[in-house]
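Here is the structure we will look at.
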Ligand code: MG
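In this note's numbering, the protein residues as written are 492 to 653.
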């Protein structure tokens, strides 16, 4: 049985993951209407992944006998200045999510819930990859500078994400 306090904390994270999914979906639509089809594909996959995180967290709480509710999700931005602007936002957001997940582990720890700590460590590790991936794309876009051909190549590369 999961504690009331941890159940609420994970439910808040479910909501945060759904917000992330919406943010990345909005970014996917932004790229689509600006003809960056590869970036749009990458961002849609990223959105799907966040929704999957929400489901994994929700399933876990329910498996532990807890209750998960679906609440209102705050609106997300829909406009950005450039691909660099978008990916810098992704990197900043993933760093924020890492902090949220760390705080969640702290709650599980204060509740002395070992199974939840073990489960949540997987998300802690995943955030290392999320930050590194976003940072890597930011770096590539910066390397491209004003070279549009390099941006189009990167767009094609990210379009290959399954
Ligand atoms: Mg996530």
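Note that the Cβ used here is the ideal one computed from N, Cα and C, for glycine as well. None of these values were measured; they are calculated from a predicted model.
- Between the alpha carbons of residue 625 and residue 511 lies a gap of roughly 14 Å.
- Ligand 1 never approaches residue 620 closely enough for any of its heavy atoms to be under 6 Å from the residue's Cβ.
- Checking the 6 Å criterion, the Cβ of residue 508 is within range of a heavy atom belonging to ligand 1.
- Two segments are said to touch when three or more pairs of C-beta atoms, one from each, lie closer than 8 Å; by this definition the region 588-600 touches the region 500-515.
- Taking the Cα positions, residue 496 is about 11 Å away from residue 503.
- Per DSSP, residue 580 is one residue of the alpha helix (DSSP H) stretching across 574-601.
- Just measuring C-alpha positions, the residue of 529, 544, 518, 630 sitting nearest residue 617 is 544.
- Short of 7 Å from the beta carbon of residue 549, and not among the five residues preceding or following it, lie these beta carbons of its own chain, in chain order: 505, 559.
- The three-state reading of DSSP puts residue 531 in helix, counting H, G and I together.
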